[in-house]
Each structure stands twice: as structure tokens, then as C-alpha cells.
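Before any comments, here is the structure.
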Amino acid sequence: MKLSRIVLEEFRKFRQPLALDGLQAGLNLFVGPNEAGKSTVAAAIRAAFLERYSTKTVADLAPRGESGARPSVELAFSHAGRDYVLKKQFLTRARCELLIDGGAERLDGEAAENALAALLGFDMPGRGQSKPEQAGIPGLLWIQQGEGQALNAPAGHAQGHLRDALTRLSGELAAGDGDRLFERVSAERGALLDARNGKPKGVFKDADEALARARSARDDALRAKAQLDADVDRLAALRQEHGQAQQAEPWKALEARAAEARTRLAALARERETLDGLRRELAQAASNLGLLQDQVGRDQQDETELRTLEQQAQAAAERLRQSEAPLARALQQRDAQRATADAARLALTAAQAQADRRDLEQQLRQLDADSERLDGALKAADELIAQGSALKAEVVGIEVPDADLQGLRRIESQRASLRAQLQAVATRLSYRLEPGARALLDGCELEADGQLLLTAAAELDLPGVGRLRIEPGGKDLPALQRELAALDADGVALLARLGAASVDEVEARHARHAALKGDLEGMRRALQIHAPKGIDMLRGQRDEAQVRRDALRTRLHALPPAVEGDVLDLATARQALGEAQAAAEHAGNAWTEARRAADAEGTRAQMLQSQATASRAALLSPERSAQRQERAGRLAETRSHHDLLARRLGEAEAALDGQRPALIEQDALRFEQSAALEREAQQRRHGEMLQLQGKLDQAGAQGLGERLSEAEADCERLQRRRDELDRRARALDLLLRLLSDKRAAATQRLQAPLARRLRHYLGLLFPEAALRLDDALLPAALQRAGGEDALDSLSFGTREQLGILARFAYADLLQEAGRPTLLVLDDALVHADEGRRDFMKRALFDAATRHQILMFTCHGEAWRDLGVAQRRIGAAG
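With my numbering applied, the sequence shown corresponds to residues 10 to 886, in that order.
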């Protein structure tokens with residue numbers, strides 16, 4: 010199959026016709042930047058073949074924002090010695106026409122689409138847009154942008170066509186008795202064994218589960234019979250143990266020994282109470298001893314604190330005497346610094362007066378200059394206002410509304426477009442007259458040769474020959490003429506409303522209006538410069554400046570006259586005053602601090618002396634002295650009594666520990682628990698005997714022997730059924746493996762032509778490598794270096810390259826089987842590195858010797874050495 014011409018019109022971004030002529034039989038390379046329309050051309054080819062012309066679900070084919078569009082595609086191609094021209098128009102006035110061999114055969118509508126589907130190998134959708142599973146061979150060979158690596162799905166959709174081609178080339182039958190036998194054996198095996206893991210299923214699984222249930226029931230009966238025998242033996246043993254215990258009564262002896270231990274514990278409890286009384290008396294003596302020790306300690310601490318207080322009072326009096334001399338010096342220094350600050354303040358006053366005079370004189374000079382500037386700006390503003398009024402009057406007279414201007418421009422644009430369409434569909438008459446011959450068209454004599462475009466019926470007179478009537482055949486021509494006449498009428502009406510004779514006059518008025526508005530804008534900006542806040546504000550600023558100037562002159566006259574000679578400058582005077590004030594403040598703070606320190610020392614010395622006198626009088630009073638002596642005597646007596654009680658308590662505790670009451674308590678508890686356990690064991694044996702007797706009575710009524718015999722018979726019967734199904738399943742599994750081996754050999758012979766073409770292309774990219782095919786004729790893994798890599802584990806770029814090489818092999822296979830082939834690569838191989846790209850160029854060039862390839866790319870510089878001319882499509886936009 011060879012495409013020779015592609016024409017698009019009103020198709021997505023191509024509102025105007027786009028024609029691609031002279032396509033080569035081999036490789037055709039189309040380049041252009043992003044959004045230039047390369048993918049649009051590829052989409053147009055797909056739509057022309059795969060989409061039904063009558064569907065309304067392809068609105069995306071129309072140019073954006075254009076209602077009533079008629080996306081159309083025209084393709085000229087040839088195959089097997091026949092020429093085809095396909096014309097398809099979507100949405101508005103949808104139609105489809107297929108011309109064969111220059112019009113010798115013509116098909117319309119669905120008949121044309123069905124013929125194309127049978128020729129190229131795809132299925133037309135019943136309704137709506139075409140789906141990937143219907144694309145067949147075109148879906149496999151026409152690679153859309155970013156889908157070069159996706160091979161399994163499109164190859165699966167074309168599998169029927171590929172298998173048919175392989176059948177023709179290899180001579181293997183696609184189906185026959187062998188396949189029917191394989192399917193029957195596979196189905197019968199599948200009814201007995203799971204295809205995934207070979208485990209039983211269906212009736213085989215049911216038999217297996219029934220046998221398992223029967224075995225479980227038999228095992229339950231066996232366990233129940235064994236339990237019954239064990240219960241009989243257990244009941245006899247329990248009866249013997251119960252009789253022996255009932256005769257010996259071992260719990261009574263244990264209870265007697267527990268009572269004896271409790272009697273000894275009661276005697277020890279009385280001794281412990283006596284010991285607790287001694288402990289309480291010792292604790293009371295210890296409390297009294299601690300209290301007396303604290304009181305004696307406080308008496309000693311009071312004496313120590315009195316001595317410390319007297320020492321602090323003497324030190325404070327000494328510090329007070331030492332602070333009197335620094336206080337006198339600080340007072341003298343404070344008075345001297347205050348006098349210095351007063352002198353600096355007088356100097357600052359004189360310097361401030363001179364600085365105020367200079368400042369007022371400077372402000373007066375500045376105000377004089379501002380007054381002159383404001384007078385000039387006011388005069389210029391008045392002149393600009395007068396000029397602007399005149400320009401505004403002229404602007405209003407020539408204004409053209411924007412809506413009218415845009416409408417006039419739109420009418421002119423549409424008229425130009427309609428004239429171009431008229432010229433495109435009009436009948437073109439080319440003529441050349443013999444010398445001396447004459448011809449008249451509608452009464453007007455023609456020149457010797459020339460060319461005319463006829464948009465309406467005309468009569469051609471050939472004197473001596475006859476008269477010819479020529480009627481243009483374009484079926485859209487009358488509608489275009491009516492649209493053009495309507496636009497002419499709208500344009501005349503709009504010009505009349507604007508009072509203009511032509512569009513050029515309206516454009517000139519619009520340009521003059523824009524220029525005048527520019528001049529007005531310039532005057533407005535100039536006026537903004539002179540009077541940014543308005544003319545009234547400018548006058549107010551000038552008057553304000555004059556008032557301020559008069560006020561400054563009044564203040565200047567009120568200042569003292571200028572002083573002759575050297576006067577300190579204001580900054581120096583301020584600095585001197587600041588330093589003097591800081592020194593005076595520092596001296597005052599020093600005197601205040603010294604005064605405060607002296608007062609604090611005096612207060613502290615007086616307070617400490619008063620506290621020492623009061624503490625001495627209180628401590629040395631007769632009452633306090635008697636109390637201290639009494640507490641010292643009581644402390645000695647209490648310490649002696651405490652030591653006596655401690656000795657008595659130690660002797661009692663030693664006597665009690667010698668009898669080891671904890672062991673006696675443990676013995677009592679041990680004998681009591683042992684007696685209770687013996688009684689509980691006897692009661693438990695009695696209860697278990699009653700329970701076993703009832704259980705045995707019930708088991709005898711259930712017929713465990715009969716149940717066990719029935720269960721064993723069921724197991725034997727179900728085992729025979731399960732073994733029969735197992736033998737059948739293993740036989741079917743063996744037969745299926747033998748048939749699979751035979752079928753795999755036949756499949757290998759069927760795949761041989763495709764594998765040969767795959768090795769041819771793969772050797773260009775990966776020498777010594779091979780692609781393993783599965784039963785669906787799809788590449789499953791890449792075999793190289795003694796290993797095998799699943800295709801999904803390879804990088805994106807490698808999968809894309811293998812996907813394209815596989816499509817070349819499929820194309821070779823289809824071509825050998827007589828099917829039409831066309832390869833479309835939309836922006837493919839963008840993920841290939843430079844080395845891999847060179848190998849792919851070899852494959853492309855080689856495949857182009859057998860097939861027509863349309864390659865679209867935005868990286869033209871990377872494909873300059875492909876050996877074909879690059880054709881540019883559009884520009885970015």
C-alpha cells in the first residue's frame with residue numbers, strides 16, 4: 010500500500026486546506042515544532058479509515074471554537090495495481106466516497122467504509138467512535154504518540170489477521186481435527202483438574218471431599234470407641250480409689266495436726282502483745298528524748314545568735330564612720346558641676362538664636378523660589394487647558410465606535426474568505442485560440458489565450474462552430490454567492506450608518522481619532538506634571554506659599570540682631586550643654602547614692618544595736634536561766650529511762666524469735682490445706698464416678714459398633730470411586746501433555762516466518778539475541794547472553810525500540826501474505842540514546858525498502874542522516 014496524497018481541511022488546527030503531495034513509496038519524514046500539526050495529520054489518517062463518517066462523537070476533529078465545521082480528509086493511495094481516492098467529511102454534511110481506478114468503480118457511505126475495512130484488515134464500529142480492539146492491522150502498524158512500547162494490546166487485536174497470514178505462508182492449518190481433539194481433551198481434563206495447579210476439581214474434587222468426610226466419620230467412630238473403653242477402665246480405678254479413701258479418712262489426721270499448730274500460735278500471740286506494749290513505751294520515751302534534745306539545742310543556738318548579732322552591730326557602726334568623708338566630697342563635686350551646666354545653658358541659648366536666624370533666612374529664599382515656580386506652572390496649566398478643549402471638540406466629531414469598526418473588519422475578513430472559497434470551487438476555463446479564430450463569452454470577445462474563473466452560468470460563442478453554455482458544477486457555489494451578497498449588503502449598511510464611503514475612510518478616521526486621543530493624553534500628562542492635584546490646588550499652593558513667606562519675615566524681625574564676632578555653633582553648644590548636664594547628673598547621682606548608703610548604714614547599725622540589747626536582756630533573765638537548767642536535768646533522766654526500755658525490748662524479741670512463730674503458722678496453714686485437698690479429691694472422685702456411669706449408659710444406647718462398621722464400608726466404596734477418577738485424570742493429563750507437545754511443534758512451524766523476520770530486525774539492534782514468541786504470536790521475552798529478560802523488566806526506551814522492530818516484522822509478514830501495509834510513527838524513538846538511534850535508523854531504512862513509512866518528529870536534527878528529505882509541517886502555535 011502506498012499513500013500519494015493527503016489533504017485536510019477544517020480539521021482541528023488546520024482551518025485552511027493542507028495538502029501533502031508527492032509522498033514517496035518508502036520513508037517519508039515530516040518535521041516541525043510542538044503543536045505544528047504533525048499528530049493532527051496522523052490522526053486524520055486514522056479517522057479517514059477507522060471512524061464512521063456518520064458518527065457524531067468526533068467533535069474533537071473540528072477546529073476549536075468553530076461551530077458548523079466540516080472536518081474533511083482526502084487520501085489518495087494504491088495497492089495491488091489499483092488506485093483509490095478516499096474522501097470523507099465528518100459532522101456537518103457528513104459523507105464518504107471511495108473512487109477506484111479513476112472513477113471506474115465508486116462506493117459511497119457504509120459500502121465504502123466496509124470495503125476499506127476488508128482491504129486493510131479492521132472492523133468498523135457499530136456506533137460511536139472506533140475502539141482499540143476494532144483497529145486490527147492499522148491499530149498495530151500505526152503507532153500513536155507515546156505508545157511505541159505498547160505492543161501486546163494492538164498485536165492481540167490484530168491476532169486473527171496475523172495468524173491468517175502465517176497460515177498462508179507456513180502451510181500449517183489454523184484449525185482441524187487435532188485442535189478439536191486438543192480442546193476436547195483439555196476440556197475433559199479441565200473438568201477433573203485445575204488448570205493452574207493440577208488439583209482436583211468438579212466431580213473429582215467432590216469424590217475426594219466425600220472420601221475425606223467418610224474417613225473423618227470413621228475416625229470419629231474409632232475415637233469414640235477408644236474413649237468408651239478408656240472410660241470403663243477409668244470408672245473401675247475410681248471406684249477402687251474412692252473405697253480406700255473412704256475407709257482410711259486421711260483428712261481427719263491432718264485436721265488434728267492443724268488444730269495443735271493453731272493452739273501454739275494463740276500462746277505466741279499473747280507474748281507478741283506484751284512485746285508490742287514494750288515497743289510503744291520505748292517509742293514514747295524516744296519522742297520525749299528527741300523533744301528535750303531539740304529544746305536544749307535551741308538554748309545553745311540562742312546564745313550563738315546573740316554573739317553573732319553583737320559582732321554585726323559593731324561592724325555596722327564602723328562602716329558608718331567610714332562613709333562620712335566620701336559623702337562630703339560627693340556634695341562638693343555636685344555643686345561644681347551644676348555651675349558648669351548653667352554656663353553651658355546660656356551659651357546654647359545664644360547659639361540657638363543665631364541658628365534660628367540662619368534657618369529663617371534659608372526658608373525665605375526657598376519660598377521665594379517656590380513662588381516663582383508655582384506662578385510659572387499656573388500659567389502653563391492655563392494654556393494646556395485651552396488647547397485641550399479644542400482637541401476634545403475635534404475628537405468627538407470623528408469618533409468611530411469600536412463595535413462598528415470590529416464588525417466592518419469582520420465583514421471584510423469573511424468576504425475575503427468567501428472570495429477565496431469561490432475561487433477554489435469556481436470552474437477554471439483555460440483557452441488558447443488559433444490565429445484568426447474568435448470567441449465571445451457572454452458577448453465579450455476573448456483574447457488570443459488566457460484563463461477565467463466562472464462562478465455563474467455563462468455562454469461561449471464560437472463563430473462558425475456554435476454556442477456552448479458553461480455552468481459551474483460546485484454544489485456549494487450558490488450558497489457561497491448568497492453569503493457573499495449578504496455580507497456586501499451588511500457592509501454597505503454599516504458604511505452608511507458611519508457616514509463613510511469606504512472601509513479605508515473609516516480606518517483613516519479611526520487612526521486620526523486614535524492620534525488625537527494620544528495628543529490629548531500627552532496634554533493630560535503635561536497638565537498632570539504642572540498641576541498634579543488640579544489647577545485650584547495649584548493656585549492654593551501659590552497663595553499658601555505667599556502667606557508662609559510673610560509669617561517667616563515676621564518671625565525673623567522678632568529675633569535678636571546678629572552678633573558680631575565668634576559665637577559657638579549650635580551643635581557644639583548643644584554638645585557642651587549635654588556633657589555638662591550629664592556630668593552634673595552623674596555628680597548628683599553619686600552624692601545621692603553616697604547619702605543613701607550612709608543613711609542605710611546608720612539605720613542598720615541602730616537596728617542591730619537595738620536587737621543585740623533586747624536579745625541579751627531576754628537571754629540573761631532569771632526565768633530563762635532556770636528553764637535552761639531544768640531542761641538539762643530532764644534530758645539526762647529521760648536518756649537513762651530510754652536505754653533501760655531498749656534493753657528489755659531486745660531480750661523479749663530474742664525470746665519470741667527463738668520459738669519461730671512463722672514456721673508454726675506455715676505448719677498450720679499446710680495441714681489445713683492438705684485436709685481440704687483430701688476432702689475435695691474424695692468428692693471429685695465421687696462426682697467423676699457418677700458422670701462416667703451416665704456417659705457409659707448413654708454410649709451403650711448409641712450403637713457405636715454399628716456406626717463404626719458402616720463408616721468403614723463407606724470409606725471402601727468412596728475410595729474405589731476416587732481411585733477410578735484419579736486414574737482417568739492422570740490419563741487425560743498425560744494425553745494433554747502429548748497433544749501439547751505436538752501442538753507446540755506445529756505452532757513453532759507456524760511461527761517460523763515471523764520468527765525469521767524478527768531475527769532479521771533484532772540482529773540490527775541486539776546481535777546474538779532472540780525474541781521468544783508465545784502462542785498468541787506476541788514477543789514474550791528477550792533472550793541474550795544465555796539468559797532471558799521479560800519485556801516488562803526492560804527500560805521504557807528498549808521496550809519502545811523492540812515494539813517498533815516487531816511491527817516491522819509483522820508488516821513484512823502481512824506483505825508476504827498479500828495484505829496492504831502502511832507504517833505510521835508519530836514522534837516515536839524519543840527515548841533512544843544516540844547509539845541505539847543509529848541502529849534504529851538502519852532498521853527504518855531497511856524496512857522502507859519494502860513498506861511505505863510516514864514518520865512524524867519534532868527532532869529533525871536527530872534524523873538528518875536518514876537518507877531522505879525532511880518535509881516541514883506548519884509552525885508552533
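All C-beta atoms in this analysis are idealised placements derived from N, C-alpha and C, irrespective of residue type, glycine included.
Report the CB separation of A126 from G148 in whole angstroms; it is logged as a contact under 8 angstroms.
Reading the sequence shown from its first residue, position 117 is the one you call residue 126. Reading the sequence shown from its first residue, position 139 is the one you call residue 148. That belief does not hold up - the Cβ atoms of A126 and G148 are roughly 12 angstroms apart, past 8 angstroms.
What is the DSSP secondary structure of S87, counted as helix, strand or coil?
To locate residue 87, count along the sequence shown from 1; it is residue 78. Here S87 sits in strand by DSSP.
Would you give the residue range spanned by the alpha helix (DSSP H) that P259 belongs to?
As a first step, residue 259 is located in the sequence shown; it is residue number 250 there, counting from the start. Looking at the DSSP string, the run of the alpha helix (DSSP H) that includes P259 is P259 to Q331.
Terminal residues of the continuous alpha helix (DSSP H) containing F805?
By 1-based counting over the sequence shown, the position of residue 805 is 796. Segment F805 to E825, the alpha helix (DSSP H) holding F805.
Beta-carbon separation of A294 and H650 under 7 angstroms?
To locate residue 294, count along the sequence shown from 1; it is residue 285. To locate residue 650, count along the sequence shown from 1; it is residue 641. It is a contact, given that the beta carbons lie within the stated cut-off.
Any contact of the stretch 157-165 with the stretch 804-811, i.e. 3+ C-beta pairs under 8 angstroms?
Yes, the stretch 157-165 touches the stretch 804-811.
Might you give, ordered along the chain, the residues of its own chain that have their beta carbon closer than 8 angstroms to the beta carbon of N161, omitting 5 neighbours on each side?
Taking the sequence shown and counting its residues from 1, the one referred to as residue 161 is at position 152. Only L787 meet the Cβ criterion.
Per DSSP, S81 forms a beta bridge with which residues?
Taking the first residue of the sequence shown as position 1, residue 81 is located at position 72. Partner(s): E18 and Q98.
Where in the stretch 612-699 do unbroken runs of the alpha helix (DSSP H), each at least 4 residues long, occur, reported from the N-terminal end onward?
631-667
Kindly indicate which three-state DSSP category Q25 falls into: helix, strand or coil?
Reading the sequence shown from its first residue, position 16 is the one you call residue 25. Here Q25 sits in coil by DSSP.
Using only CA atoms, which one of G41, A103 and A78 lies nearest to A57?
Taking the first residue of the sequence shown as 1, we reach residue 57 at position 48. The shortest C-alpha separation from A57 is found at A103.
Can you check whether the CB of Q620 is closer than 7 angstroms to the CB of L329?
Counting from one through the sequence shown, the residue named residue 329 turns up at place 320. Counting from one through the sequence shown, the residue named residue 620 turns up at place 611. Taking 7 angstroms as the Cβ cut-off, L329 and Q620 do not qualify as a contacting pair.
Considering only their Cβ atoms, is the gap separating V82 from A53 smaller than 7 angstroms?
Translated into the one-based positions of the sequence shown, residue 53 becomes position 44. Translated into the one-based positions of the sequence shown, residue 82 becomes position 73. Contact: yes.
Per the DSSP calculation, R476 is bridged to which residue(s)?
Counting from one through the sequence shown, the residue named residue 476 turns up at place 467. R476 is bridged to D470.
How about the stretch 602-620 and the stretch 328-346: do they share at least three Cβ pairs that are nearer than 8 angstroms?
yes
Could you give the distance in angstroms between the alpha-carbon of Y62 and the alpha-carbon of F131?
Counted from its first residue, the sequence shown places residue 62 at position 53. Counted from its first residue, the sequence shown places residue 131 at position 122. For Y62 and F131, the distance between alpha carbons rounds to 16 angstroms.
Whole-angstrom Cβ separation of F680 and R307, contact assumed at under 8 angstroms?
Stepping through the sequence shown from its first residue, residue 680 is reached at position 671. Stepping through the sequence shown from its first residue, residue 307 is reached at position 298. Not a contact, Cβ separation roughly 59 angstroms.
Following the continuous alpha helix (DSSP H) through N123, name the residue where it begins and the one where it ends.
Here residue 123 refers to the residue found at position 114 of the sequence shown. Here the alpha helix (DSSP H) through N123 covers G118 to L129.
Tell me which residues share the same chain as L263 and place their Cβ nearer than 6 angstroms to its Cβ, disregarding the 5 neighbours each side in the sequence.
On the sequence shown, position 254 is the one that residue 263 refers to. The answer, listed in chain order, is F680, S683 and A684.
Three-state secondary structure (DSSP) at A779?
Numbered from its first residue, the sequence shown carries residue 779 at position 770. Strand, per DSSP.
So, are the CB atoms of L463 and L431 less than 7 angstroms apart?
Position 454 of the sequence shown, counting from 1, holds the residue named residue 463. Position 422 of the sequence shown, counting from 1, holds the residue named residue 431. Contact flag unset, no.
Considering only C-alpha positions, which residue in the set G473, G77 and R558 is nearest to R447?
On the sequence shown, position 438 is the one that residue 447 refers to. It is G473.
Measure the CB-CB distance between L107 and A121 and report whether it falls below 7 angstroms.
Along the sequence shown, one-based indexing puts residue 107 at 98. Along the sequence shown, one-based indexing puts residue 121 at 112. The Cβ atoms of L107 and A121 lie closer than 7 angstroms to each other.
Excluding the five sequence neighbours on either side, which residues of its own chain have a C-beta within less than 8 angstroms of the C-beta of E19, listed in chain order?
Position 10 of the sequence shown, counting from 1, holds the residue named residue 19. Counting only Cβ-Cβ distances below 8 angstroms, and skipping sequence neighbours, we find A71, P72, E75, A78, R79, P80 and S81.
Once DSSP output is grouped into helix, strand and coil, what is the label at M546?
Taking the sequence shown and counting its residues from 1, the one referred to as residue 546 is at position 537. Note: M546 maps to helix in three-state DSSP.
Can you tell me where the beta strand (DSSP E) holding I109 begins and where it ends?
By 1-based counting over the sequence shown, the position of residue 109 is 100. I109 -> beta strand (DSSP E) spans R104 to I109.
To the nearest angstrom, report how far apart L374 and D545 are at their CA atoms.
To locate residue 374, count along the sequence shown from 1; it is residue 365. To locate residue 545, count along the sequence shown from 1; it is residue 536. Here residue 374 turns out to be Arg, not Leu, going by the sequence shown. Approximately 25 angstroms, taken between the alpha carbons.
Give the DSSP-derived three-state secondary structure of R73 in the structure shown.
Counting from one through the sequence shown, the residue named residue 73 turns up at place 64. It is coil, neither helix nor strand.
Mind checking whether L202 and M864 have CB atoms under 7 angstroms apart?
Within the sequence shown, the letter at position 193 stands for residue 202. Within the sequence shown, the letter at position 855 stands for residue 864. No; because the gap between Cβ atoms is not below 7 angstroms, this pair is not in contact.
Where K96 and V16 are concerned, what is the direct C-alpha to C-alpha distance, given to the nearest angstrom?
As a position in the sequence shown, residue 96 is number 87, starting the count at 1. As a position in the sequence shown, residue 16 is number 7, starting the count at 1. The alpha-carbon atoms of K96 and V16 are separated by roughly 9 angstroms.
Kindly indicate the opening and closing residues of the beta strand (DSSP E) around E797.
Numbered from 1 along the sequence shown, position 788 holds the residue referred to as residue 797. First-last of the beta strand (DSSP E) with E797: G796 to A799.
In angstroms, rounded to a whole number, what distance separates the CA positions of R198 and E725?
Translated into the one-based positions of the sequence shown, residue 198 becomes position 189. Translated into the one-based positions of the sequence shown, residue 725 becomes position 716. Each residue's Cα considered, the two are about 25 angstroms apart.
Among L355, E269, A268 and A466, whose alpha-carbon lies nearest the alpha-carbon of G587?
Numbered from its first residue, the sequence shown carries residue 587 at position 578. When only C-alpha atoms are compared, the closest one is L355.
Just to confirm the assignment, what range does the alpha helix (DSSP H) spanning I146 have?
Sequence index remark: in the sequence shown, residue 146 carries index 137 (1-based). In the DSSP assignment, I146 falls within the unbroken alpha helix (DSSP H) covering G145 to L150.
State the Cα-Cα distance for the pair A494 and Q423, rounded to the nearest angstrom.
The residue given as residue 494 occupies position 485 in the sequence shown. The residue given as residue 423 occupies position 414 in the sequence shown. Distance between the alpha carbons of A494 and Q423: 11 angstroms.
So, for A663: in the same chain, excluding its five sequence neighbours on each side, which residues have a beta-carbon less than 6 angstroms away from its beta-carbon?
On the sequence shown, residue 663 is found 654 positions in, with the first residue counted as 1. In the same chain as A663, and ignoring 5 residues on each side of it, no C-beta atom comes closer than 6 angstroms to its own.
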